[in-house]
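Taken in order, these protein sequences are the chains called C and W.
Counting from 1 along the first sequence, just add 16 to a position and that's the residue number in the working numbering.
Counting from 1 along the second sequence, just add 10 to a position and that's the residue number in the working numbering.
For glycine and all other residues, C-beta sits at the position ideal for the given N, C-alpha and C.
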Amino acid sequence: MEYIEMKLPAKPDNIGIIRLTLSGIASSMGFTYEDVEDLKIAVSEACTNSVQHAYDKHEVGEVIVGFGIYEDKLEMMVADSGKSFNFNQVRAEIGPYTESSTVEQLTEGGLGLYLIETLMDEVRVMNHSGVTVFMMKYLNGERETYDTINPIGKTV
Amino acid sequence: MKMNIHKHHEKKEVMVYLEGEIDAYTAPKLREELWSLSEKENNIIIINLKDVTYLDSTGLGVFVGLFKRLKSKNGELELIELSNRLKKLFEMTGLINIINISVNTEDGGR
Numbered sequence: 017m018e019y020i021e022m023k024l025p026a027k028p029d030n031i032g033i034i035r036l037t038l039s040g041i042a043s044s045m046g047f048t049y050e051d052v053e054d055l056k057i058a059v060s061e062a063c064t065n066s067v068q069h070a071y072d073k074h075e076v077g078e079v080i081v082g083f084g085i086y087e088d089k090l091e092m093m094v095a096d097s098g099k100s101f102n103f104n105q106v107r108a109e110i111g112p113y114t115e116s117s118t119v120e121q122l123t124e125g126g127l128g129l130y131l132i133e134t135l136m137d138e139v140r141v142m143n144h145s146g147v148t149v150f151m152m153k154y155l156n157g158e159r160e161t162y163d164t165i166n167p168i169g170k171t172v
Numbered sequence: 011m012k013m014n015i016h017k018h019h020e021k022k023e024v025m026v027y028l029e030g031e032i033d034a035y036t037a038p039k040l041r042e043e044l045w046s047l048s049e050k051e052n053n054i055i056i057i058n059l060k061d062v063t064y065l066d067s068t069g070l071g072v073f074v075g076l077f078k079r080l081k082s083k084n085g086e087l088e089l090i091e092l093s094n095r096l097k098k099l100f101e102m103t104g105l106i107n108i109i110n111i112s113v114n115t116e117d118g119g120r
């Protein structure tokens with residue numbers, strides 16, 4: 017496994033930079049155009065969450081994005097705790113997200129997380145000193161087809 | 011990282027042409043622009059998304075908000091020339107059943 021980590025000020029302008037980096041990593045790994053676009057959305061949604069989290073607290077914190085590159089999959093972690101993390105340690109600690117953590121931390125309704133969950137093969141959210149979103153996607157698309165839940169229909 | 015907005019007023023409707031990436035950075039600006047276009051009653055806003063290269067929940071949120079705002083004032087929203095990529099997002103979120111959407115027929119299976 018190869019690990020790449022980025023640490024940036026938690027500002028909306030930086031999400032594009034994270035997308036560009038991810039795009040380079042995922043393309044070089046051999047992900048298809050569609051998969052790269054899916055990954056871009058997932059990482060952006062997690063970063064948007066971190067940025068909004070920092071914004072809510074009226075402070076410019078830092079967002080840390082970690083990419084775990086494997087032969088057959090890409091793991092991405094987005095953390096807003098402002099501290100570098102030990103990838104393997106955090107990965108071991110991370111648990112399945114709960115209903116309360118998604119509603120509270122991933123604002124904008126569940127749409128951001130819904131997209132992450134739909135586009136990625138595995139997603140976990142951990143809440144400790146900050147929020148860490150863990151996402152994983154296999155290279156050869158083992159994603160199940162998304163069902164037709166209508167998360168927006170309820171609110172319109 | 012960049013987004014451009016072009017507006018063009020027809021008799022009844024406003025044509026909006028968007029270009030670039032719609033994310034947490036550009037969505038607030040887009041929202042502001044679209045809100046200023048939707049103050050009156052019976053407004054029809056047609057947004058061309060042909061050259062939108064990136065869209066996520068922040069952009070979808072803007073369109074949902076605009077749709078609701080226009081509906082409350084007897085207006086209409088239409089999103090046109092979506093790439094397959096963008097269409098997929100509207101399908102996934104169920105928005106395709108709510109907002110008037112048409113795809114880009116010249117889109118080469120992207």
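Enumerate in chain order the residues of its own chain whose CB-to-CB distance from W:Leu70 is below 8 Å, with the five nearest sequence positions on each side excluded.
Around W:Leu70: Leu99, Phe100, Thr103 and Leu105.
If you pair each beta-carbon of the segment 72-79 of chain W with each one of the segment 45-64 of chain W, do three or more pairs fall below 8 Å?
Counting Cβ pairs under 8 Å, three or more are found: they touch.
Under a three-way DSSP split, which group does W:His16 fall into?
Three-state result, W:His16: strand.
Would you list, in chain order, the members of the segment 45-74 of chain W that have their beta-carbon closer than 9 Å to a beta-carbon of chain C?
From the segment 45-74 of chain W, only Tyr64, Leu65, Asp66, Ser67, Thr68, Leu70, Gly71 and Val74 have a Cβ closer than 9 Å to chain C.
Quick one: what's got a C-beta closer than 7 Å to W:Ile15's C-beta in the same chain, skipping five residues either side?
If we look at W:Ile15 and ignore the five residues flanking it on each side, its Cβ neighbours are Val26, Leu28, Leu40 and Glu43.
Which word fits C:Ser116, buried or exposed, when buried means at least 16 other C-beta atoms lie within 10 angstroms of its C-beta?
With a pLDDT of 41 at C:Ser116, under the threshold of 50, the modelled position of that residue is not reliable, and no figure is offered here.
Between C:Val67 and C:Ile31, is the Cβ-Cβ spacing less than 8 Å?
A contact, by the Cβ cut-off of 8 Å.
Can you list the residues of chain W that C:Thr64 reaches, using a CB-CB cut of under 8 Å?
Correct list: Asp33, Ala34, Asp66, Ser67 and Thr68.
Which same chain residues end up closer than 6 Å to W:Val72 when comparing Cβ atoms and leaving out the 5 residues on each side of it in sequence?
The answer, listed in chain order, is Ala37, Leu40 and Arg41.
Please tell me whether W:Arg95 has its Cβ less than 8 Å away from any Cβ of chain C.
Chain C, which has a Cβ nearer than 8 Å to the Cβ of W:Arg95, makes this yes.
Who are the near neighbours of W:Glu23 in its chain, counting only those whose CB is closer than 6 Å to its CB and skipping five residues on each side?
Result list for W:Glu23: Ile54 and Ile56, in chain order.
Show which residues of chain W have a CB atom less than 8 Å away from the CB atom of C:Asp137.
The contacting residues do not exist; C:Asp137 stays about 15 Å from chain W at best.
When the Cα atoms are used, what is the spatial distance from C:Glu53 to C:Ser39?
About 8 Å.
Within 10 Å of its beta-carbon, does C:Tyr49 have 16 or more other beta-carbons around it, so buried, or fewer, so exposed?
With fewer than 16 Cβ atoms within 10 Å of its Cβ, C:Tyr49 is classed as exposed.
With DSSP collapsed to three states, give me the class of W:Asp66.
Coil, per DSSP.
Can you list, in chain order, the residues of the segment 97-108 of chain W whose Cβ is nearer than 9 Å to any Cβ on chain C?
Under the 9 Å Cβ criterion, the segment 97-108 of chain W contributes Lys98, Leu99, Glu101, Met102, Thr103, Gly104, Leu105, Asn107 and Ile108.
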